[in-house]
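Visitor: Residue numbers (the numbering used here): -7 to 253.
Yeah, the Cβ is synthetic: ideal placement off N, Cα and C, and Gly gets one too.
A quick note: this is a predicted structure, and the numbers were derived from the prediction, not measured.
Take this structure, written in structure tokens, and hold onto it; I'll ask about it next.
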């Protein structure tokens, strides 16, 4: 007999996505990180530490989980993609090098050294993106350029706000003067061996203009946040789009035989 071939777009069986569970995890880790900062450095620094983009991204993703709105998760992933990826790579090198990773980014210690709470407080750098991708794949989410635009606005505006509220001078904490480098408002985080990344660090270009954030601060924000977040979101968009397209649908061919009458 003769045969014909038809193509079917088959969606795999999707189990109930544990959105409330992950949303609660995101929220609890954010609060744990805040508790760790508050208990170690006091209320002033503890408050400022909440403005890290990676911390606020957890709140945004948590809201997305509870509101069943995956758009928030997509924006969160794109906002932290490069930073979390480099942190993971640095953490792997930290296992072999011992004292410090080759990028100098991953830091699991607090003021009292490495503790269970200090590790848990920054552990989201390792599992936050995979958790969000899991939810997005399960919900068959379609990534669009507008998510890149919103992630860029989120990072740029948050870091600009940080530049305004973080004091230029270090904050005294029990006799120790602590510089708060939230969202790289003081200088580039880690990668000390790459000199060009630190050309606009406050320690290098000085405190020019209003509140120390005049020309130097503007250049630092443009370089370390505005331009960086544009590239970060672009790279994240390409990679995340590949993950989602490979995991949402499966195209198969089914052959059916026609019986002769």
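(1) Please give me, in chain order, every unbroken run of the beta strand (DSSP E) with length at least 3 that falls completely inside the region 119 to 188.
(2) From what residue to what residue does the alpha helix (DSSP H) around residue 22 run?
(3) What residue does the alpha helix (DSSP H) around residue 85 start on, and which one ends it?
(4) What's the call for residue 93, buried or exposed, on a 16-neighbour Cβ count within 10 Å?
(5) Provide the residue(s) that pair with residue 106 in DSSP beta bridges, ordered along the chain.
(6) Does the beta-carbon distance from residue 40 to residue 172 come in below 8 Å?
(7) Which residues mark the beginning and the end of the alpha helix (DSSP H) in which residue 47 is found?
(8) Assuming residue 73 and residue 186 are in contact, meaning their beta carbons sit under 8 Å apart, how far apart are those beta carbons, in whole angstroms?
(9) Give a yes or no on whether the minimum CB-CB distance between residue 74 and chain C is below 8 Å.
(10) Does the distance from the CB of residue 135 to the CB of residue 66 come in under 8 Å?
(11) I think residue 91 touches residue 147, with their Cβ atoms under 8 Å apart; what is that distance to the nearest whole Å?
(12) Judging by CA-CA distance, which residue of 234, 15, 24 and 237 is the nearest neighbour of residue 123?
(13) Would you say residue 182 and residue 190 are within 8 Å of each other, going by their C-beta atoms?
(14) Is it right to say residue 195 is buried, meaning 16 or more other beta carbons lie within 10 angstroms of its own, or is it exposed?
(15) State buried or exposed for residue 118, treating a residue as buried only when at least 16 other CB atoms are found within 10 Å of its CB.
(16) Would a C-beta distance cut-off of 8 Å place residue 213 and residue 152 closer than the cut-off?
(17) Within 10 Å of its beta-carbon, does residue 125 have 16 or more other beta-carbons around it, so buried, or fewer, so exposed?
(18) Taking Cβ positions, are residue 62 and residue 131 nearer each other than 8 Å?
(19) Would you decide whether residue 174 is buried or exposed? Buried here means 16 or more other CB atoms lie within 10 Å of its CB.
(20) Secondary structure at residue 96, three-state DSSP: helix, strand or coil?
(21) Taking the Cβ atom as the reference point for each residue, do residue 57 and residue 18 lie within a distance shorter than 8 Å?
(22) Tell me whether residue 115 sits in a helix, a strand or coil according to DSSP, three-state version.
(23) Please state the DSSP three-state secondary structure of residue 201.
(24) What residue does the alpha helix (DSSP H) around residue 207 start on, and which one ends it?
(25) Can you tell me which of the three DSSP states residue 235 falls into?
(26) Relative to the C-alpha of residue 20, which residue among 78, 142, 47 and 88 is closest?
(27) Around the C-beta of residue 31, are 16 or more other C-beta atoms found within 10 angstroms, so that it is buried, or is it exposed?
(28) Under the assumption that residue 120 contacts residue 76 (Cβ atoms under 8 Å), give the Cβ distance between them as a whole number of angstroms.
Guide: Inspection of the coordinates gives the following:
(1) Counting only runs of 3+ residues, the beta strand (DSSP E) found wholly inside the region 119 to 188 occupies 163 to 165 and 168 to 170, in chain order.
(2) Residue 22 sits at position 30 when you count from the first residue of the chain shown. Its alpha helix (DSSP H) spans residues 11 to 41.
(3) Residue 85 sits at position 93 when you count from the first residue of the chain shown. Per DSSP, residue 85 is one residue of the alpha helix (DSSP H) stretching across 62 to 89.
(4) On the chain shown, residue 93 is found 101 positions in, with the first residue counted as 1. The residue is buried, with at least 16 neighbouring Cβ atoms inside 10 Å.
(5) Position 114 of the chain shown, counting from 1, holds the residue named residue 106. Its beta-bridge partners are 101.
(6) Numbered from 1 along the chain shown, position 48 holds the residue referred to as residue 40. Numbered from 1 along the chain shown, position 180 holds the residue referred to as residue 172. Result yes, Cβ atoms of residue 40 and residue 172 sit closer than 8 Å.
(7) Within the chain shown, the letter at position 55 stands for residue 47. That run of the alpha helix (DSSP H) goes 45 to 58.
(8) By 1-based counting over the chain shown, the position of residue 73 is 81. By 1-based counting over the chain shown, the position of residue 186 is 194. Between residue 186 and residue 73 the Cβ distance is about 19 Å, and since that is not below 8 Å, they are no contact.
(9) Judged by its chain identifiers, the structure shown contains no chain C, having just a single protein chain.
(10) If you number the chain shown from 1, residue 135 lands on position 143. If you number the chain shown from 1, residue 66 lands on position 74. Cβ distance < 8 Å, so residue 135 and residue 66 count as in contact.
(11) What you label residue 91 is simply residue 99 of the chain shown in a count that begins at 1. What you label residue 147 is simply residue 155 of the chain shown in a count that begins at 1. Wrong, their Cβ atoms sit about 30 Å apart, outside the cutoff.
(12) Looking up residue 123 in the chain shown gives position 131. Checking every option, the nearest Cα to that of residue 123 belongs to 15.
(13) Mapped onto the chain shown, residue 182 falls at position 190. Mapped onto the chain shown, residue 190 falls at position 198. Cβ distance not < 8 Å, so residue 182 and residue 190 don't count as in contact.
(14) Here residue 195 corresponds to residue number 203 of the chain shown, with the count starting at 1. By the neighbour-count rule (16 or more Cβ atoms within 10 Å), residue 195 is not buried but exposed.
(15) Position 126 of the chain shown, counting from 1, holds the residue named residue 118. Exposed, because fewer than 16 other Cβ atoms sit within 10 Å of the Cβ of residue 118.
(16) For the purposes of this step, residue 213 is taken as residue 221 along the chain shown, with counting starting at 1. For the purposes of this step, residue 152 is taken as residue 160 along the chain shown, with counting starting at 1. Yes, these two residues count as a Cβ contact at 8 Å.
(17) Start at 1 with the first residue of the chain shown, and residue 125 comes out as number 133. With a threshold of 16 other beta carbon atoms within 10 Å, residue 125 meets it and is buried.
(18) As a first step, residue 62 must be located in the chain shown, where it is residue number 70. As a first step, residue 131 must be located in the chain shown, where it is residue number 139. Note that the C-beta distance between residue 62 and residue 131 is below 8 Å.
(19) Here residue 174 refers to the residue found at position 182 of the chain shown. When all chains shown are included, residue 174 counts as buried.
(20) The residue given as residue 96 occupies position 104 in the chain shown. Of the three classes helix, strand and coil, the one that applies to residue 96 here is coil, per DSSP.
(21) The residue you call residue 57 lines up with position 65 of the chain shown. The residue you call residue 18 lines up with position 26 of the chain shown. It is a contact, given that the beta carbons lie within the stated cut-off.
(22) Residue 115 sits at position 123 when you count from the first residue of the chain shown. Residue 115 falls in the coil class under three-state DSSP.
(23) Taking the first residue of the chain shown as 1, we reach residue 201 at position 209. Note that residue 201 scores a pLDDT of 43, beneath 50, so its modelled location is shaky; the value from the coordinates is reported in the next line. DSSP, read as helix, strand or coil, puts residue 201 in coil.
(24) Start at 1 with the first residue of the chain shown, and residue 207 comes out as number 215. From DSSP, the alpha helix (DSSP H) with residue 207 extends over 207 to 213.
(25) Indexing the chain shown from 1 puts residue 235 at position 243. Judged by DSSP in its simplified three-state form, residue 235 adopts helix.
(26) Counted from its first residue, the chain shown places residue 20 at position 28. Measuring from the Cα of residue 20, the nearest candidate turns out to be 47.
(27) Against the chain shown, residue 31 aligns to sequence position 39. Around the CB of residue 31, fewer than 16 other CB atoms lie within 10 Å, so the residue is classed as exposed.
(28) In the chain shown, counting from the first residue as 1, residue 120 sits at position 128. In the chain shown, counting from the first residue as 1, residue 76 sits at position 84. Sure, about 6 Å apart at Cβ, within 8 Å.
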